Structure formats: C-alpha cells, structure tokens
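Below is one structure; the comments refer to it alone.
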Amino acid sequence: FCGPQDADESARWHAAAACQGHLDSIAVLGGCLRKGAGVKRDVALGLDLISYSASCGNPAGVNKKVGLLEEREDYKAVVELLEECIDKGRANALVYFNLG
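Going by the numbering used here, 95 is the number at position 80 of the sequence shown; the sequence numbering is gapless.
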C-alpha cells in the first residue's frame, strides 16, 4: 500500500537527493511536484525539473519527458528528444524501444 505518508517520505528523500544533484531524484521530484504527491503542487516547477533531468540525458528524466510529450500528442518532439539522446551517446534500452 502506498499511502499519503509514503508520498510524503518519497518526496522528502527525493528532494534531499535532488539538492545534491542526483538526476534520477530530480526527475522523480519533478513528478511529485507536477502531481502534488507528498508536496504542494507546483506544475511549472515539476515540469522544469523533469526537463532539466532530461536535458542532462538522465534516463528517468528522458522517459518522464517522453511521457509528457506523448500526453500532448507531440510525437515529433518525442522523436527529436530520443534522436538527440542517441546523437549525444546517452541512449538506453528504453530510448531504442520507444523509437521502435
């Protein structure tokens, strides 16, 4: 069971790691902020954190950003982001899977 206390703890620990520059935690904290899970909802900051993590080539950030772009049906931006990961040598298995 993942209740409100779990969301609070998750957000707290991810925020602590994000403050130390941990890119996975920055992406997860962005998701928490975007949804208001365990923290006060701040969609703009959440999206900024996800975008930052993705721009650093972090797989969690890239995958979260791909999901957001797909929600908006911006498939051109999805392909551009994934191709950029490949061009910069930052591709992981999910990048190749998403490009199919």
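C-beta atoms are modelled at their ideal positions from N, C-alpha and C, and glycine is treated no differently. These numbers were taken from a predicted model, which means no experiment stands behind them.
Residues near residue i by beta carbon distance below 6 Å, same chain, minus five either side
i	result
residue 96	none
residue 43	29
residue 45	61, 64 and 65
residue 57	48
Same chain only: Cβ atoms within 7 Å of residue i, ignoring 5 sequence neighbours per side
i	result
residue 18	Because residue 18 sits at a pLDDT of 49, beneath the cut-off of 50, its placement in the model cannot be relied upon, and the following sentence gives the value as read from the coordinates. Hits under 7 Å: none found.
Residue closest to residue i, alpha-carbon to alpha-carbon, out of the options
i	options	result
residue 77	52, 40, 59 and 22	40
residue 53	26, 86, 60 and 99	26
residue 71	84, 101, 113 and 114	101
residue 36	50, 73, 24 and 87	73
residue 38	49, 67 and 86	67
residue 55	107, 99, 104 and 22	22
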